[in-house]
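Participant: The listed protein sequences correspond, in order, to chains A and B.
Numbering follows my numbering, with no gaps: position 76 of the first sequence is 106.
Numbering follows my numbering, with no gaps: position 45 of the second sequence is 989.
Below: one structure in structure tokens.
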Amino acid sequence: DTGVSQDPRHKITKRGQNVTFRCDPISEHNRLYWYRQTLGQGPEFLTYFQNEAQLEKSRLLSDRFSAERPKGSFSTLEIQRTEQGDSAMYLCASSLERGSGEAFFGQGTRLTVV
Amino acid sequence: GESVGLHLPTLSVQEGDNSIINCAYSNSASDYFIWYKQESGKGPQFIIDIRSNMDKRQGQRVTVLLNKTVKHLSLQIAATQPGDSAVYFCAEKRGSTLGRLYFGRGTQLTVWP
């Protein structure tokens, strides 16, 4: 499978715990994005990397959220001290810098905070 | 505020009919638009895109129309099939922000056999 891969697919955690998600983009894609999607809504932008540089962060990305892409390949999204409002689908996407830059999405990680 | 939105939250069609899904946007700086299909429990899947210097683009069974005058985007699906049942989102990329896509709420398309 050469698409965007996310792990885990599902995560249930207790409020206050930390969680970390991983995204492996399409190998030749140098852009990587994180989005969050709640039920009945479209994805909302969280942050964006070009290679290892984090170029943009949404106001949705509070100080409890941190994303990294240390070697410009896979990325991790960590949420500290999770809250029930963090329950959502976390989507990763990747794209090429050149051309239209269309973003290809992974299957997402469904987070449930209880 | 500025947003990407959809006129209808749900659309039901019979198999074989054509479907039209609409999207309104309000940011005149948007220069690139994408339609995504999202099936239950899966990530959005790219369908077709269009740049702001075009008003029509065709793919396999799908056509996207862009009317910049009224800031309206539509997705036409020909000969709709049960496998087309999903939520459809339009997304816009605004010229000054390279990486970010802005999504609307989505339209749930249901195709009846």
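Each residue gets a CB set at the ideal place from its N, CA and C atoms; glycine is no exception.
Just the Cα atoms here: how many angstroms apart are K101 (chain A) and E82 (chain A)?
Facilitator: Residue numbering aside, residue 101 (chain A) sits at position 71 when the first sequence is read from its first letter. Residue numbering aside, residue 82 (chain A) sits at position 52 when the first sequence is read from its first letter. Near 6 Å, if we compare the C-alpha coordinates of E82 (chain A) and K101 (chain A).
Participant: Just mark E946 (chain B) as buried or exposed, buried being the case when its beta carbon has 16 or more other beta carbons within 10 Å.
Facilitator: Start at 1 with the first residue of the second sequence, and residue 946 (chain B) comes out as number 2. Any reading at E946 (chain B) needs caution, since the residue's pLDDT is 33, under 50, leaving its predicted position unreliable; the model's value is listed next. With fewer than 16 Cβ atoms within 10 Å of its Cβ, E946 (chain B) is classed as exposed.
Participant: Taking the C-alpha atoms as reference points, what is the distance between P953 (chain B) and T1007 (chain B)?
Facilitator: Against the second sequence, residue 953 (chain B) aligns to sequence position 9. Against the second sequence, residue 1007 (chain B) aligns to sequence position 63. Computed Cα separation, rounded: 20 Å.
Participant: Hey, I994 (chain B) and L1010 (chain B): beta-carbon distance below 8 Å or not?
Facilitator: For the purposes of this step, residue 994 (chain B) is taken as residue 50 along the second sequence, with counting starting at 1. For the purposes of this step, residue 1010 (chain B) is taken as residue 66 along the second sequence, with counting starting at 1. It is a contact, given that the beta carbons lie within the stated cut-off.
Participant: Within 8 Å of any Cβ in chain B, is that where the Cβ of G46 (chain A) sits?
Facilitator: Taking the first sequence and counting its residues from 1, one reaches residue 46 (chain A) at position 16. False, the Cβ-Cβ gap to chain B never drops below 8 Å.
Participant: With 8 Å as the limit, tell me which residues of the stretch 1020-1037 of chain B have their beta carbon closer than that to any beta carbon of chain A; keep them in chain order.
Facilitator: F1033, A1035, K1037
Participant: Assign N48 (chain A) to one of two classes, buried (16 or more other C-beta atoms within 10 Å of its C-beta) or exposed (fewer than that).
Facilitator: Reading the first sequence from its first residue, position 18 is the one you call residue 48 (chain A). The residue in question, N48 (chain A), is exposed, as its Cβ has fewer than 16 Cβ neighbours within 10 Å.
Participant: Helix, strand or coil for Q958 (chain B)? Go by DSSP, reduced to three states.
Facilitator: Sequence index remark: in the second sequence, residue 958 (chain B) carries index 14 (1-based). Secondary structure at Q958 (chain B): strand, using DSSP grouped into helix, strand and coil.
Participant: Could you compute how far the alpha carbon of G1050 (chain B) sits from the alpha carbon of N966 (chain B)?
Facilitator: For this step, residue 1050 (chain B) is matched to residue 106 along the second sequence. For this step, residue 966 (chain B) is matched to residue 22 along the second sequence. Going by the C-alpha atoms only, they are around 10 Å apart.
Participant: Give the residues of chain A in contact with R1049 (chain B), contact being defined as C-beta atoms less than 8 Å apart.
Facilitator: Here residue 1049 (chain B) refers to the residue found at position 105 when the second sequence is read from its first residue. G70, Q71, G72, listed in chain order.
Participant: Specify, as a first and last residue, the run of the beta strand (DSSP E) that I994 (chain B) falls within.
Facilitator: On the second sequence, position 50 is the one that residue 994 (chain B) refers to. Where I994 (chain B) is concerned, the enclosing beta strand (DSSP E) stretches over 989-995.
Participant: Counting contacts by CB-CB distance shorter than 8 Å, is L121 (chain A) in contact with chain B?
Facilitator: On the first sequence, position 91 is the one that residue 121 (chain A) refers to. So, interface residue.
Participant: Cα separation between P73 (chain A) and Q989 (chain B)?
Facilitator: Stepping through the first sequence from its first residue, residue 73 (chain A) is reached at position 43. Stepping through the second sequence from its first residue, residue 989 (chain B) is reached at position 45. Answer to the nearest angstrom: the Cα atoms are 12 Å apart.
Participant: Please classify D1028 (chain B): is it buried, with 16 or more other beta-carbons within 10 angstroms of its beta-carbon, or exposed?
Facilitator: By one-based count along the second sequence, residue 1028 (chain B) stands at place 84. Classification of D1028 (chain B): buried, given that the 10 Å Cβ count is 16 or more.
Participant: Looking at Q982 (chain B): is its Cβ nearer than 8 Å to the Cβ of W1056 (chain B)?
Facilitator: Within the second sequence, the letter at position 38 stands for residue 982 (chain B). Within the second sequence, the letter at position 112 stands for residue 1056 (chain B). Against a cut-off of 8 Å, the Cβ pair of W1056 (chain B) and Q982 (chain B) comes out as no contact.
Participant: Compute the beta-carbon to beta-carbon distance between Y969 (chain B) and L1017 (chain B), rounded to the nearest angstrom, for a pair I have assumed lies under 8 Å.
Facilitator: Within the second sequence, numbered from 1, the residue matching residue 969 (chain B) stands at position 25. Within the second sequence, numbered from 1, the residue matching residue 1017 (chain B) stands at position 73. The Cβ separation is near 7 Å, so the contact holds.
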